[in-house]
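Comments concern the structure below.
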Amino acid sequence: MNNLLNFTTGLSLALVVLVLVSVRRAHIRVEYSVSWLGAALTLLVLSRSRRLLEDMARFLGIEDPPLAMLLLVGCLFLLVLYRVSMIISELKDANIALAQRVAILEYHLQSMHEETQRSG
Amino acid sequence: MKTASGPDSLLILVPAFNEEAAVGQVVREIRQVVPEVPVLMVDDCSIDSTAAVAREAGAEVLSLPHHLGLGGAVQAGYKLAFELGFQYVIRIDGDGQHDPCYIPAIFEALRTSGCQMVIGSRFLEDDSNHTSLARRLGIRFFCLILRPILGKPVHDPTSGFVGVNRAALQVFSKSFPLEYPEIEALVVLQRKAFQFLEVPCRMRRRMGGRSTITALKSIYYPVHVLLGVFVNVLKYERRRRRKQP
Chain A
1 MNNLLNFTTG LSLALVVLVL VSVRRAHIRV EYSVSWLGAA LTLLVLSRSR RLLEDMARFL
61 GIEDPPLAML LLVGCLFLLV LYRVSMIISE LKDANIALAQ RVAILEYHLQ SMHEETQRSG
Chain B
1001 MKTASGPDSL LILVPAFNEE AAVGQVVREI RQVVPEVPVL MVDDCSIDST AAVAREAGAE
1061 VLSLPHHLGL GGAVQAGYKL AFELGFQYVI RIDGDGQHDP CYIPAIFEAL RTSGCQMVIG
1121 SRFLEDDSNH TSLARRLGIR FFCLILRPIL GKPVHDPTSG FVGVNRAALQ VFSKSFPLEY
1181 PEIEALVVLQ RKAFQFLEVP CRMRRRMGGR STITALKSIY YPVHVLLGVF VNVLKYERRR
1241 RRKQP
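First to last, the sequence lines map onto chains A and B. Per my numbering, the very first residue in the first sequence carries number 1; after that it's consecutive. Per my numbering, the very first residue in the second sequence carries number 1001; after that it's consecutive.
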């Protein structure tokens, strides 16, 4: 169990560092880093606090605390992925509307240009 | 294309993606059948010379800056038609499968029936020669699903040969399904208490190019459409219930 907890600690620390570096390099925007950092820090706290982990396992009715932690990890990352899907969907809708608007404006511009050439 | 004028202003909308082999002939045929009616080809960022061929054949071209898929392309055309004030829009695919000689029949039905949408249906006169067995079975499946939702039978819900009036145009300008839009669009209209009508027409083989529905996508297609139908039913049912005191 200790190995698993240590591995989880290392993984969560690596995730925190990776996200912070990505934010600093502007690969991830600050607002989208929050859910990743939240998930990583939750994992870090759970993997370092055996009592908290055992309480949580008891609360969930799971005999094996590492199994409870794995379940929580899965749930946390599902939530993060869900949020990312929502963001992608919003961005796609905005992108489509924008592309359509650009096409329509270009069309109007072209029409005006042709009109001017005809009258001039 | 000037702003539409008159109570019967009609625009023919031709969405196309890499259809240089067919779109020129399609536009020329449309112009033979309805010479006075403007034709707008929506180029979904083709990598071939679709836009140039359509322009040469006499169509106006609305060029999308990147590939949006069929629904996004059709909606862009609907938005422009609505802004320009057109009363009716008939959509005809750029691959040549829809015979433009049926445009007057669809237009007449749109003007006189009071329906917001008119579908050119290949199955009203049992013209299913060019439709594969798998596709026919799929269409039959969707007909069965849609029957209780729409409250009346529909024979060809996947037909892209569709005319809409200004009321439907307004709805579709704001909200239109992006992928495989035909079936979902029917559900959206029905939930808005709009009516549709089918008129018989014959479909031809595509003149060139490739269908966007590949073997893999034909598995994904029914799942996507079923989910879209289900979501639309739920969405509008909830709104209807909210409006009821």
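Each residue gets a CB set at the ideal place from its N, CA and C atoms; glycine is no exception.
_For a test of the three-state rule: what should DSSP assign to Y1102 of chain B, helix, strand or coil?_
Assignment of Y1102 of chain B by DSSP, reduced to helix, strand and coil, places it in the helix class.
*How about the segment 1069–1085 of chain B and the segment 1009–1029 of chain B: do they share at least three Cβ pairs that are nearer than 8 Å?*
Yes: at least three Cβ pairs fall under 8 Å.
*Residues that A94 of chain A contacts on chain B, provided the C-beta gap is smaller than 8 Å*: Per Cβ cutoff of 8 Å: no residues; A94 of chain A is ~13 Å from chain B at best.
_If you reduce the DSSP assignment to three classes, tell me which class G1071 of chain B lands in._
If DSSP states are grouped into helix, strand and coil, G1071 of chain B belongs with the helices.
_If you follow the alpha helix (DSSP H) that A1016 of chain B is in, where does it begin and where does it stop?_
Per DSSP, A1016 of chain B belongs to no alpha helix (DSSP H); it is in the beta strand (DSSP E), 1010–1016.
*Can you find a CB in chain A that lies within less than 9 Å of the CB of G1228 of chain B?*
So, not an interface residue.
*Burial state of C1201 of chain B, where buried means 16 or more other Cβ atoms lie within 10 Å*: A residue is called buried when at least 16 other Cβ atoms come within 10 angstroms of its Cβ; C1201 of chain B meets this threshold and is buried.
*Going along the chain, which residues of its own chain have a beta-carbon closer than 7 Å to the beta-carbon of L1124 of chain B, five neighbours each way excluded?*
Once the five neighbours on either side are set aside, the close Cβ partners of L1124 of chain B are H1155, E1198, P1200.
*At 7 Å on the CB atoms, spell out the chain A contacts of Q1075 of chain B, in chain order.*
Per Cβ cutoff of 7 Å: Q100.
*asked:* Are the CB atoms of S1159 of chain B and E1179 of chain B within a distance shorter than 9 Å?
replied: Result no, Cβ atoms of E1179 of chain B and S1159 of chain B do not sit closer than 9 Å.
_Does any residue of chain B have a CB that is nearer than 9 Å to the CB of I104 of chain A?_
For I104 of chain A, the answer is yes, since a Cβ of chain B falls inside 9 Å of its Cβ.
*By DSSP, does I1119 of chain B sit in helix, in strand, or in coil?*
Here I1119 of chain B sits in strand by DSSP.
*Could you name the residues of chain C that Y107 of chain A contacts, counting a contact when the two beta carbons are closer than 7 Å?*
The chain inventory of the structure shown lacks chain C, comprising the protein chains A and B.
*asked:* Once DSSP output is grouped into helix, strand and coil, what is the label at P65 of chain A?
replied: Reduced to three states, the DSSP call for P65 of chain A is helix.
*asked:* Strictly under 9 Å for the Cβ-Cβ distance: is G1085 of chain B near chain A by that measure?
replied: No, G1085 of chain B lies away from the interface with chain A (no Cβ there is under 9 Å from its Cβ).
*Span of the beta strand (DSSP E), counted from its first residue to its last, around E1184 of chain B*: It is not in any beta strand (DSSP E) - E1184 of chain B instead sits in the alpha helix (DSSP H) that spans 1181–1191.
_Beta-carbon contacts of L168 of chain A that lie in its chain and below 7 Å, excluding the five residues immediately before and after_ = With chain A covering 1 to 120 only, the question about residue 168 of chain A has no answer from this structure.
*Within 10 angstroms of the Cβ of R101 of chain A, are there 16 or more other Cβ atoms? Answer buried if so, exposed if not.*
Exposed: under 16 other Cβ atoms inside 10 Å.
*asked:* According to DSSP, is D1044 of chain B part of a helix, a strand, or is it coil?
replied: Residue state, collapsed to three classes: coil.
*Does DSSP put E1036 of chain B in a helix, in a strand, or in coil?*
For E1036 of chain B, the secondary structure class from DSSP, reduced to helix, strand or coil, is coil.
*Where S49 of chain A and I1219 of chain B are concerned, what is the direct C-alpha to C-alpha distance, given to the nearest angstrom?*
Computed Cα separation, rounded: 48 Å.
*P1200 of chain B in three-state terms, based on DSSP*: The answer is strand: DSSP assigns P1200 of chain B an E or B state.
*Proximity winner among B:S1121, B:R1205, B:M1117, B:P1222, relative to Q1190 of chain B (alpha-carbon distances)*: With distances taken between Cα atoms, Q1190 of chain B lies closest to B:M1117.
*Straight-line CA distance for Q117 of chain A to S111 of chain A?*
Rounded to whole angstroms, Q117 of chain A to S111 of chain A spans 10 Å at the Cα level.
*So which residues of chain A does H1066 of chain B contact, with C-beta pairs closer than 9 Å?*
The answer, in chain order, is N95, A99.
*Using a Cβ-Cβ cut-off of 9 Å, state whether G1072 of chain B counts as contacting chain A.*
Put simply, the CB of G1072 of chain B is near chain A, with a gap under 9 Å to one of its CB atoms.
*asked:* Does G38 of chain A come out as helix, strand or coil in the three-state DSSP assignment?
replied: Of the three classes helix, strand and coil, the one that applies to G38 of chain A here is helix, per DSSP.
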